[in-house]
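Student: Protein sequence lines correspond, in order, to chains A and B. Residue numbering for the first sequence follows this note's numbering, starting at 682 and increasing by one per position. Residue numbering for the second sequence follows this note's numbering, starting at 113 and increasing by one per position.
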Amino acid sequence: MSLLEHSQPAFDHRVVVDPEHAARRQLREQIARLEHDLVSTATSAHPHLPLPSIAGRAGPRLLALGELEAVRDDLALRVSDLRAVRARHADEQAAKRLLIERMLLDPGQYRYYRVCNEEIGEPGCKHWHVRPRLGIIGMLAGWWHVKISSGCPLAWGPWRSPRPRIL
Amino acid sequence: MTGGGEPQEGHVEAAVAEELPGLRLWWMAVAAGEQPSSPELKERLRDLSSRFRGAQAVALRTKPIPHAYRVFFRHIGLDPDVARVPVEETVVQRLKDGEFRSRSVLRDALTIAVMETNVPVWALDADAVDGELEVRRAAEHEPLGRGDDRAPWLPGGRLVVADAAGPVAVLFGDVSASHHPTAGTRRSVLFSLQVDGVPAIHVSEALWTVADIVEDGGAP
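(1) Is A/Ser831 helix, strand or coil when you go by DSSP?
(2) Only counting the same chain, and skipping five residues up and downstream in sequence, which positions put a Cβ closer than 6 Å to that of A/Tyr794?
(3) Got a sec, what are the start and stop residues for the alpha helix (DSSP H) A/Leu743 sits in?
(4) Measuring straight from C-alpha to C-alpha, what distance separates B/Tyr181 and B/Asp308?
(5) Can you check which of these residues, A/Glu803, A/Arg759 and A/Gly740, is closest to A/His727 by C-alpha distance?
(6) Tell me the DSSP secondary structure of B/His179 in three-state form.
(7) Taking only beta-carbon positions, decide if A/His729 is within less than 8 Å of chain B.
(8) Three or more C-beta pairs closer than 8 Å, one from the region 701-710 of chain A and one from the region 747-757 of chain A: is that the case here?
(9) Please classify A/His810: does DSSP put it in a helix, a strand, or coil?
(10) Taking the alpha-carbon positions, what's the A/Leu756 to A/Pro834 distance?
(11) To which residues does DSSP link A/Gly819 through a beta bridge?
(12) Between which two residues does the beta strand (DSSP E) holding B/Ala141 run?
(13) How many Å lie between B/Ile367 and A/Ser831 at the Cα?
(14) Determine, using beta carbons only, whether B/Leu283 and B/Trp138 come nearer to each other than 8 Å.
(15) Would you check if the distance between the CB atom of B/Ser161 and the CB atom of B/Ala240 is smaller than 8 Å?
(16) Taking all protein chains shown into account, decide if B/Val203 is buried (16 or more other Cβ within 10 angstroms of its Cβ) or exposed.
(17) Could you spell out the range, first to last residue, of the alpha helix (DSSP H) harbouring A/His717?
(18) Output the distance between the C-alpha atoms of A/Lys807 and A/His702, rounded to the nearest integer angstrom.
(19) B/Gly268 and B/Glu252: beta carbons closer than 8 Å?
(20) Using C-beta distances below 7 Å, list every residue in its chain close to B/Ala331, excluding the 5 sequence neighbours before and after it, in chain order.
(21) Is any beta-carbon of chain B found at less than 8 Å from that of A/Ala704?
(22) Tell me the DSSP secondary structure of B/Phe333 in three-state form.
(23) Kindly indicate which three-state DSSP category B/Asp275 falls into: helix, strand or coil?
(24) Relative to the C-alpha of B/Arg372, which residue among A/Asp699, A/Pro741, A/Thr722 and A/Asp718 is closest?
(25) Got a sec? Which residues, its chain only, sit under 7 Å from A/Ala822 by beta carbon, not counting five neighbours each side?
(26) Going by C-alpha to C-alpha distance, which of B/Ala144, B/Val217 and B/Ile177 sits closest to B/Thr297?
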């Protein structure tokens with residue numbers, strides 16, 4: 682297998698004398714950093730945040746300084762918005778975690794409250810549910826407890842065995 | 113179209129190279145067209161489908177090579193969440209269809225290459241290509257492709273892959289209808305675009321992956 686070598690010499694940025702060219706290069710570096718921030722912010726949360734789309738600029742072409750600035754400013758704005766959304770989600774998730782603690786400490790005060798994994802930013806189908814012990818007897822006697830679900834439903838359903846039966 | 117056997121570097125217009133110094137064009141000729149895929153190639157595509165999960169799709173854009181193409185898209189005025197980078201486009205199609213659908217030896221090989229290396233490869237009918245490929249800016253009202261009066265006109269400055277006779281594809285966009293490989297195509301030209309942050313070895317691997325698959329018709 683042959684390797685592709687760079688036969689063209691890389692462009693040497695040090696010899697750039699045109700200030701506008703240098704400004705465009707800096708803007709491209711800023712755009713690269715912002716794109717990284719945008720993607721890492723969106724994917725670091727659970728559930729993942731949708732990436733906001735930014736209008737394209739009439740197909741692939743070399744962008745002028747003003748256009749690069751507009752791309753950079755749009756990206757910066759979206760990164761900032763996405764971080765605000767992520768912070769709000771984090772606060773909501775922290776509040777739900779605190780609620781679970783309180784449910785566990787005093788289930789009687791949180792009758793029938795239910796919190797699922799997604800609400801605390803975790804994957805999976807587990808949920809915490811405050812329910813009466815022994816059904817209606819516990820309801821009348823004030824015996825409440827937190828039931829923790831056993832996870833996601835089986836893919837093959839409860840009526841089928843995962844393994845073939847040997848008769 | 114001359115050349116074949118080894119990847120060759122295409123010319124990049126000086127003004128484009130100055131603004132986008134990491135951009136490289138690589139191409140090679142292979143003996144392949146839109147013939148039906150062999151059962152082995154279809155099986156390989158099915159294996160690739162079953163190895164791919166939704167969680168990987170989400171994580172894809174954080175990987176270095178797709179990220180490099182996303183950044184490049186921003187640099188040339190495209191939004192990678194609207195005009196997706198090729199590997200993400202392939203993944204979205206996989207999620208929509210529920211599998212990588214087999215279409216022909218060449219197209220299946222292109223799908224496998226982009227999924228295994230994250231580097232896009234495009235194919236052209238070698239008989240329709242005149243001379244060597246280059247990346248340049250289109251002139252005002254230059255047609256995309258030839259041999260068809262309905263060929264779309266390009267606005268001036270649009271970045272294109274062109275041969276000696278004119279543009280054959282928009283950069284990371286549509287390939288001219290007159291240059292698409294067909295069932296009658298016997299030789300194709302593969303080309304790939306390397307951008308800043310993408311190691312040359314990955315581009316080489318992508319081109320050779322396609323070449324190897326089409327040469328043996330998809331047998332492992």
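Quick reminder that beta carbons are idealized off the backbone N, C-alpha and C, glycines included. What you are looking at is a predicted structure, and each value in this text was computed from that prediction instead of being measured.
Tutor: Taking the geometry as given:
(1) coil
(2) Met784 and Val811
(3) Counting along the chain, A/Leu743 falls outside any alpha helix (DSSP H), and DSSP gives it neither H nor E.
(4) 8 Å
(5) The shortest C-alpha separation from A/His727 is found at A/Glu803.
(6) helix
(7) yes
(8) yes
(9) strand
(10) 40 Å
(11) None, per the DSSP bridge assignment.
(12) Arg136 to Val142
(13) In the structure displayed, chain B extends from 113 to 332; residue 367 of chain B sits before or after that span and is not available.
(14) no
(15) B/Ala240 is positioned such that its CB atom lies no closer than 8 Å to that of B/Ser161.
(16) buried
(17) It spans Pro700 to Ser725 - the alpha helix (DSSP H) in which A/His717 sits, taken as one unbroken run.
(18) 55 Å
(19) yes
(20) Low confidence applies to B/Ala331: its pLDDT is 49, below 50, so where it sits in the model is not reliable enough to give any reading.
(21) no
(22) The requested residue 333 of chain B is not part of the displayed model; chain B covers only 113 to 332.
(23) strand
(24) Coverage of chain B is limited to positions 113 through 332, which leaves residue 372 of chain B absent and any answer about it impossible.
(25) none
(26) B/Ala144
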